[in-house]
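Here the sequence shown is numbered in this note's numbering, starting from 216 and rising by one per residue. Where a beta carbon is used, it is the ideal one built from N, C-alpha and C, also for glycine. Note that the structure is predicted; figures quoted are calculated from it, not measured.
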Amino acid sequence: MNKISHNMNYSIEELSNILQTYEFNKMDNSYNDLLVYKIYDNENLPGEIFRIYNNSKRSKAAFRAAFWDTEESKNVRIEVSNLGRVKINGQIKKQYQKQYGYLYVNVTPDISYEVYRLVAETWLDCPVEDTLEISGHLWYVVHHITDNGFDNRPSNLIWCTNDIHGTLKHKANESNSKINSEIIKRFDDILALEQHDINKKIIIDYLEDICALQISRKDDTDISKIEQIIDRFKIDKAQYPYINWDMDNNFTYKE
């Protein structure tokens, strides 16, 4: 395939400045007021292109690389779009969070994969042939330029070494504290609403966020408030197939 390259290079200072000035918006990657990762229609969205994921490349995450040498992997065809959607064997796959702001898809019933890795491994040229190789204490990882993990378009992703990624994540965590507190504040706003005043889909999405936030940030979210929301709005826990709930509405994310 003939390719036309579009490479962008950033300095660490420039990436840090983006993180410090960017205003988080979960809807950055959306279409018709829907988050792109929650659109499951197999039809291409405007401007969307799917590309076949190259199973033979050595840029795959180390802890999943062995899967591609198995017989099972030969029955898995992955296509990744420039909008961050993923098809497995011709069908758009549902994406979900295991930790707040990081989206996964199930490549097989037992193997999940980070969406941003699939996009980067499909759409972005990596500076090295093999990201499994470690030079000293350095290896290549994928960084979200805005630290918005809901936006997995190639334009928001860049390959960098793990030490640079660590520096940038520290900057991102400083700016994320405001985001976390705003999400938690929404609890009381939602509990104050009457059942007929709110779209249940909004509640389902919000609970997904707050559960992921608590697990990933080890936040002190009041579990009783989650229970109240589930009970008041009669939320079916089957809406969250990737979460294990116990009898007290405590939860963990399924691996």
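Let me know if L406 comes out buried or exposed under the rule of 16 or more other beta-carbons within 10 Å of its beta-carbon. For this step, residue 406 is matched to residue 191 along the sequence shown. L406 should be labelled exposed.
F365 vs L318 beta-carbon contact at 9 angstroms: Position 150 of the sequence shown holds residue 365. Position 103 of the sequence shown holds residue 318. Taking 9 angstroms as the Cβ cut-off, F365 and L318 qualify as a contacting pair.
In terms of residue numbering, what span does the alpha helix (DSSP H) encompassing Q235 cover? Residue numbering aside, residue 235 sits at position 20 when the sequence shown is read from its first letter. Per DSSP, Q235 belongs to the alpha helix (DSSP H) from 227-236.
Would you decide whether I267 is buried or exposed? Buried here means 16 or more other CB atoms lie within 10 Å of its CB. On the sequence shown, residue 267 is found 52 positions in, with the first residue counted as 1. Exposed.
Count the other CB atoms, across all protein chains shown, that sit within 10 Å of the CB of L298; report buried if there are 16 or more and exposed otherwise. Working through the sequence shown from its first residue, we reach residue 298 at position 83. Under this definition L298 is a buried residue.
Can you grab the Cα-Cα spacing for the pair W354 / D404, in whole Å? Within the sequence shown, numbered from 1, the residue matching residue 354 stands at position 139. Within the sequence shown, numbered from 1, the residue matching residue 404 stands at position 189. Between W354 and D404, the C-alpha separation is close to 44 angstroms.
Out of curiosity, what's the CA-to-CA distance linking R292 and T323? Start at 1 with the first residue of the sequence shown, and residue 292 comes out as number 77. Start at 1 with the first residue of the sequence shown, and residue 323 comes out as number 108. Distance between the alpha carbons of R292 and T323 is about 11 angstroms.
Proximity test, E287 beta-carbon vs the ligand FAD heavy atom, cut-off 8 angstroms: For the ligand FAD, the structure offers nothing, since it holds no ligand at all.
Among D284, I360, I379, which residue has its Cα nearest to the Cα of A335? As a position in the sequence shown, residue 335 is number 120, starting the count at 1. Nearest of D284, I360, I379 to A335, Cα basis: I360.
Are the stretch 339-358 and the stretch 366-386 touching by the rule of at least three beta carbon pairs closer than 8 angstroms? yes
What is the rounded straight-line gap between the Cα of E258 and the Cα of H221? Taking the first residue of the sequence shown as position 1, residue 258 is located at position 43. Taking the first residue of the sequence shown as position 1, residue 221 is located at position 6. Answer to the nearest angstrom: the Cα atoms are 26 angstroms apart.
Quick one, which of R447, L372, L422 has its alpha-carbon nearest W460's? As a position in the sequence shown, residue 460 is number 245, starting the count at 1. For W460, the nearest C-alpha among the options comes from L422.
Using DSSP with H/G/I as helix, E/B as strand and the rest coil, what is T382? Along the sequence shown, one-based indexing puts residue 382 at 167. Residue state, collapsed to three classes: helix.
CA nearest to the CA of Q443, picked from I458, E294, A453, D463: Locating residue 443 in the sequence shown gives position 228, counting from the first residue. The shortest C-alpha separation from Q443 is found at D463.
Alpha carbon to alpha carbon, how far is K308 from V295? Give it in angstroms, no decimals. Position 80 of the sequence shown, counting from 1, holds the residue named residue 295. Position 93 of the sequence shown, counting from 1, holds the residue named residue 308. Answer to the nearest angstrom: the Cα atoms are 10 angstroms apart.
Considering Cα atoms alone, identify which of S288, E286, A280 is closest to L347. Here residue 347 refers to the residue found at position 132 when the sequence shown is read from its first residue. Per the Cα distances, A280.
What does the Cβ neighbour count give for E329, buried or exposed, with the cut at 16 atoms within 10 Å? For this step, residue 329 is matched to residue 114 along the sequence shown. It counts as buried.
Could you pull out every residue in the same chain whose Cβ sits closer than 8 angstroms to the Cβ of P369, ignoring the five residues on either side in sequence? Taking the sequence shown and counting its residues from 1, one reaches residue 369 at position 154. So the qualifying residues of the chain are N297, V334, A335, W338, L339.
To the nearest angstrom, how far is it from the Cα of T467 to the Cα of I458? Numbered from 1 along the sequence shown, position 252 holds the residue referred to as residue 467. Numbered from 1 along the sequence shown, position 243 holds the residue referred to as residue 458. Each residue's alpha carbon lies about 6 angstroms from the other.
Apart from the five residues just before and just after Q301, which ones in its own chain have a Cβ nearer than 8 angstroms to its Cβ? Along the sequence shown, one-based indexing puts residue 301 at 86. For clarity, residue 301 is Val in the given sequence; the question names Gln instead. Taken in chain order, the residues that qualify are I293, E294, V295, I307, K308, Q310, V320, V330, L333.
Would DSSP call S370 helix, strand or coil? On the sequence shown, position 155 is the one that residue 370 refers to. Looking at S370 - three-state DSSP - the assignment turns out to be helix.
When the Cα atoms are used, what is the spatial distance from D420 to L260? Here residue 420 is taken as the residue at index 205 of the sequence shown, counted from 1. Here residue 260 is taken as the residue at index 45 of the sequence shown, counted from 1. When rounded, the distance between both Cα atoms is 22 angstroms.
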